[in-house]
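S.K.: Be aware that the sequence shown starts at 5, since it is given in my numbering, and climbs by one per residue.
My structure is below; once you've seen it, I'll send some questions.
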Amino acid sequence: MLKLLTGLALALVVIQGAASPRVPDRDDEVLERLPFRRDDAQAAELRRLRARVASAPQDMAASVRLARRYFALAVALGDPRYIGYAQAVLAPWGARAAGAPELLLVRAMLKQYRHDFDGALEDLAAAARLDPDDSEAHAWAAAIFMVRADYTGAAQECAALAELGETLEAEGCSAYLESVTGKGRAGYERLRAALAREPDADRGLRLWIQSRLARMAWRLGDTAAADAHFQSALALGITDNFLLTAYAEFLLAQQRYRDVVTLLSARTQSDTLLLRLTLAEHALGLADAAQHARILGERFDAAALRGERLHLSDEARYRLDLRNDPAGALAAAAENWRTQREPEDAEILLEAAHAAGKPEAARPALDWLARTGYEDPRMRRLASALR
Numbered sequence: 005m006l007k008l009l010t011g012l013a014l015a016l017v018v019i020q021g022a023a024s025p026r027v028p029d030r031d032d033e034v035l036e037r038l039p040f041r042r043d044d045a046q047a048a049e050l051r052r053l054r055a056r057v058a059s060a061p062q063d064m065a066a067s068v069r070l071a072r073r074y075f076a077l078a079v080a081l082g083d084p085r086y087i088g089y090a091q092a093v094l095a096p097w098g099a100r101a102a103g104a105p106e107l108l109l110v111r112a113m114l115k116q117y118r119h120d121f122d123g124a125l126e127d128l129a130a131a132a133r134l135d136p137d138d139s140e141a142h143a144w145a146a147a148i149f150m151v152r153a154d155y156t157g158a159a160q161e162c163a164a165l166a167e168l169g170e171t172l173e174a175e176g177c178s179a180y181l182e183s184v185t186g187k188g189r190a191g192y193e194r195l196r197a198a199l200a201r202e203p204d205a206d207r208g209l210r211l212w213i214q215s216r217l218a219r220m221a222w223r224l225g226d227t228a229a230a231d232a233h234f235q236s237a238l239a240l241g242i243t244d245n246f247l248l249t250a251y252a253e254f255l256l257a258q259q260r261y262r263d264v265v266t267l268l269s270a271r272t273q274s275d276t277l278l279l280r281l282t283l284a285e286h287a288l289g290l291a292d293a294a295q296h297a298r299i300l301g302e303r304f305d306a307a308a309l310r311g312e313r314l315h316l317s318d319e320a321r322y323r324l325d326l327r328n329d330p331a332g333a334l335a336a337a338a339e340n341w342r343t344q345r346e347p348e349d350a351e352i353l354l355e356a357a358h359a360a361g362k363p364e365a366a367r368p369a370l371d372w373l374a375r376t377g378y379e380d381p382r383m384r385r386l387a388s389a390l391r
């Protein structure tokens, strides 16, 4: 079974704010025009799952399956509305979820999407107590600890995966931890060797590992290896918002702006992908850049009005690179750092503080960089300039 290391924090840092859950007023109400044809297998599966939940409202397993499917669509497409649908499916179970590890697990996945990390960890701990042999709870807990820069907690969850016999998942977990704590080369080689030993691993897990290997190689300065890993991940044929975001970031860094436009021009429903597309269009001087920047601004403003500023890192990038607003970028990046402390979050905080001429505001990221020994030449240069 695919352990949801696929999407992991992974999904945490690239997925944007979620819509509020809503229960439709009528059975025939159209909730969403799905991004596939009516005769598509995914559409057929969703119809079947929804029909089962409607006909058997006391079937908890059916509710869990439908909520999982909605979550998978949110991760794949970067569309947060599916999180609202999933939460609506699980809402009727209320307190009865306390004794159901499968439901607790999915509820935790939805909570972490909305950055309720404390609530997610509580549900994950409860799920692990009820079902000690299920590794998914440990994989998701490791993801959350990584986002919070709680590396002791993440290491414990990696060890739990190893104890459960999830060899490749455990190796991926530990290698990812090494990659952000000053052992980037060791983590990269370790994970590459682990994947080579299990070439027939689940496609979703291979996608996650290839994506991680790509980012590790990129940070180590091996752009050729990074591109090869990204291509291997894309060749698996799985639509994944995290992968597309990471690859677009890589292409932007290489100034391959036309490739970004080709990759993302049809994926504007995702804020994370629309931002990267707009950055590429802006660099190329394309007319679409202005319209897409306006749409992004409207989305960020609407999320702020709803009290759902869950994509602050992207908002900081938008304000810094598209609106020439370093003060606004710094405010967003600093607020983001309070809940998310991954390398990408440190990088935008450093950049915004430098652009705003306020080096003291970068202190949390500078302390993180010194504490972890994270290997990234560009971030090290930024840190030196700020000091």
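C-beta atoms are modelled at their ideal positions from N, C-alpha and C, and glycine is treated no differently.
Fair warning: this is a prediction, and the values are worked out from it, not measured in the lab.
On the premise that Ala58 lies in contact with Tyr74, defined as a C-beta separation below 8 Å, what is that separation, rounded to the nearest angstrom?
M.R.: No, Tyr74 and Ala58 are not in contact; Cβ-Cβ is about 15 Å, not under 8 Å.
S.K.: Among residues of its own chain, excluding the 5 on either side of Leu14, which ones have a beta-carbon nearer than 7 Å to its beta-carbon?
M.R.: Only weak support exists for where Leu14 lies, its pLDDT of 40 falling under 50; the coordinates are left without a value.
S.K.: Are the beta-carbon atoms of Arg118 and Ile87 separated by less than 8 Å?
M.R.: The answer is yes: Cβ separation under 8 Å.
S.K.: What's the gap between the Cα of Arg201 and the Cα of Thr185?
M.R.: Straight-line Cα distance between these residues: approximately 25 Å.
S.K.: In chain order, what residues of the same chain have a beta carbon less than 7 Å from the beta carbon of Arg219, not counting five sequence neighbours either side?
M.R.: Within the same chain, Arg219 has close Cβ partners Ala250.
S.K.: Could you say if the region 196-210 and the region 173-182 meet the contact criterion of at least three C-beta pairs nearer than 8 Å?
M.R.: As far as the Cβ criterion goes, the region 196-210 touches the region 173-182, which means the pair count is three or higher.
S.K.: What's the gap between the Cα of Glu193 and the Cα of Leu134?
M.R.: If I take the Cα positions, the gap works out to 36 Å.
S.K.: Leaving out five residues on either side along the sequence, give the residues of the same chain with a beta carbon under 8 Å from the beta carbon of Glu161.
M.R.: Result list for Glu161: His142, Ala143, Ala145, Ala146, Phe149, Cys177, in chain order.
S.K.: Taking the CB atoms as reference points, tell me whether Leu326 and Ala360 lie closer together than 8 Å.
M.R.: Not a contact, by the Cβ cut-off of 8 Å.
S.K.: What residue from Arg384, Leu370, Ala60 has the CA that sits closest to Leu224's CA?
M.R.: It is Arg384 whose Cα lies nearest to the Cα of Leu224.
S.K.: Around the C-beta of Pro330, are 16 or more other C-beta atoms found within 10 angstroms, so that it is buried, or is it exposed?
M.R.: Buried, by the Cβ-count rule.
S.K.: Could you tell me whether the Cβ atoms of Asp349 and Ser317 are closer together than 8 Å?
M.R.: Yes, Cβ-Cβ distance for Asp349 and Ser317 is below 8 Å.
S.K.: If the criterion is Cβ atoms closer than 8 Å, does the pair Leu70 and Leu81 meet it?
M.R.: Contact flag unset, no.
S.K.: Just to confirm my understanding: we take Arg323, look at its own chain, exclude 5 residues before and 5 after, and list those with CB closer than 7 Å. What are they?
M.R.: For Arg323, where only same-chain residues beyond five positions count, the Cβ hits under 7 Å are Asp329, Gly332, Ala333, Ala336.
S.K.: Go ahead and pull the three-state DSSP assignment for Leu314.
M.R.: Correct three-state label for Leu314: coil.
S.K.: What residue does the alpha helix (DSSP H) around Leu128 start on, and which one ends it?
M.R.: Residues 121-134.
S.K.: Evaluate Asp29 with the Cβ neighbour count: other Cβ atoms within 10 Å of its Cβ, from every protein chain shown; 16 or more gives buried, anything less gives exposed.
M.R.: Reliability fails at Asp29, whose pLDDT of 49 lies under 50, so the model's placement of it is uncertain and no value is given.
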